[in-house]
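Under this note's numbering, the first residue of the sequence shown carries the number 9, and numbering increases by one thereafter.
Note that beta-carbon positions come from the ideal geometry of N, C-alpha and C, so glycine has one too.
All remarks here apply to the structure that follows.
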Amino acid sequence: MAATDQTYLAEDVIDDFQCEALRKHIVNTSGSIGRKVQRYFSSSNFLVYRLKMAHQIKHINKKLNKVAADRHNFGLRINDSDNHVVKRRELTHSHVIDSDVIGRENDKHKIIDLLLQDSDHKILSVIPIVGIGGLGKTTLAKTVFNDKSLDETFPLKMWVCVSDDFELQHLLVKIINSASVSDSAPNVIHQANIKNLDVQQLQSHLRNTLAGKKFFLVLDDVWNEDHVKWIEVKNLLQVGDEGSKVLVTTRSHSIAEMMCTNTSYTLEGLSRKDSLSVFVKWAFKEGEDKKYPKLIEIGKEIVQKCGGLPLALRTLGSSLFLIKR
């Protein structure tokens, strides 16, 4: 397995461990609601120790990720046979409920401004959104993708979940299918028929689909660090109208740099206020939080330990919702 695959897999395992351990601990702890939640924050709690260790492991993983990014300098071979061993996560889609998104309005407007900037006569510009897992990169990309202010500028909008599948043939099919849905065209190439078309035929189909159109393409959850593969895909996209844009979500700054772009957007954690709003939304029914002032105070402690990560806030809020029932 490639070094970066090991790193990303370790990060995913740690993410799952943290969220599940926190959830189970809150649900299973005996006593009143207040004691159930407060007991979690005991400094002697073994779970807290394990979570601290998990953060240390993540720090080590970052160092390993740096080594992986420099692997070519050490003459290490990449084993293509391992490309599909690691399952990243479930496939994403472009639908989002705006009321579920908290604290990202400013980020959304900044990215939209980047998308609408003058392209300096470039046919294609790439804008990566970079940040650690659980920050809400995909959710942010969804809010941007669905914003009506982009519809007039980009007549063709496409959403593609990439994950670890950066094989050219599969990626071409996904882009063509998304374009076909956006255009309401009847001829969609389904994954089941992929063997009926070779890469040359797919390239031709893609050129015909994008030619002369100013498009906006989201490539969500990109893990590929193979520069040659990226350039190959980018070159195939250079057939649209001037000012076409590609928005990429990725955990890796090295991937953003590989894409040869001067503009990337580093996503940060939510503010303390927005973090509490996310927690309350998932922990209580609408308006119910006013009945539990003590739990809100405990919630503020929880928020401090979540580092502004929407995923952690949502997981812990949902756990509190369950133990109140």
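Per-residue DSSP class, three states only, for residue i
i, result
"F174", "coil"
"Q186", "Rather than Gln, the amino acid found at residue 186 in this sequence is Ser. Correct three-state label for S186: helix."
"G316", "coil"
"T274", "strand"
"R112", "coil"
"E305", "helix"
"V286", "helix"
"S107", "helix"
"S327", "helix"
"E296", "helix"
"H101", "coil"
"K95", "Here the model assigns K95 a pLDDT of 45, short of 50, so the residue's position is not dependable, and the following value carries that caveat. Looking at K95 - three-state DSSP - the assignment turns out to be coil, as it is neither helix nor strand."
"L321", "helix"
Cβ shell of residue i (< 7 Å), same chain only, five flanking positions each side left out
i, result
"S283", "V311, C314, G316 and L321"
"D249", "G220, K221 and K222"
"N154", "S102 and V104"
"S127", "S133, E250 and G251"
"I140", "R259"
"H129", "E250"
Cβ-based burial, residue i [other Cβ within 10 Å; buried from 16]
i, result
"C169", "buried"
"I119", "buried"
"T274", "exposed"
"V207", "exposed"
"S279", "exposed"
"K308", "exposed"
"K150", "buried"
"G295", "exposed"
"D228", "buried"
"S260", "buried"
"K182", "buried"
"K145", "buried"
Residue i versus residue j - alpha carbon distance
i, j, result
"S107", "S272", "26 Å"
"L123", "V236", "25 Å"
"S157", "P163", "11 Å"
"V286", "V109", "8 Å"
"D115", "N204", "42 Å"
"S186", "I137", "21 Å"
"S326", "Y300", "15 Å"
"N270", "I263", "13 Å"
"L143", "V226", "17 Å"
"I184", "M166", "9 Å"
"I379", "E265", "Only positions 9 to 333 of the chain appear in the structure, and residue 379 is not among them; the question remains open."
"N216", "V254", "18 Å"
"E233", "E175", "12 Å"
"Q125", "W290", "36 Å"
"P318", "K302", "22 Å"
"T100", "I306", "33 Å"
"W231", "K298", "43 Å"
"V241", "D173", "13 Å"
"N243", "E160", "25 Å"
"S51", "K281", "Confidence at S51 is low in this model, with a pLDDT of 42, below 50, so the placement of that residue is unreliable and no value is reported for it."
"L328", "V288", "10 Å"
"C268", "K293", "46 Å"
"I135", "S212", "26 Å"
"E276", "V256", "16 Å"
"H117", "V152", "8 Å"
"D121", "F224", "14 Å"
Own chain partners of residue i with C-beta closer than 8 Å, once the 5 adjacent residues on each side are dropped
i, result
"Q246", "I131 and L132"
Same chain, Cβ closer than 6 Å to residue i, neighbours up to 5 away in sequence not counted
i, result
"N218", "Note that residue 218 is Leu in the sequence shown, not Asn. Same-chain partners within the cutoff: V247 and G248."
"L180", "L210 and L214"
"Q177", "V207"
"G111", "L278 and D282"
"L148", "R112 and D115"
Which whole runs of the alpha helix (DSSP H) in the segment 127-181 are 4 residues long or more, in chain order? Fully enclosed alpha helix (DSSP H) runs of 4 or longer: 145-153.
Extract the residue ranges of the beta strand (DSSP E) inside the segment 195-265, only unbroken runs of 3 or more that lie entirely within it. Taken in chain order, the whole beta strand (DSSP E) runs of length 3 or more contained in the segment 195-265 are 223-230 and 252-258.
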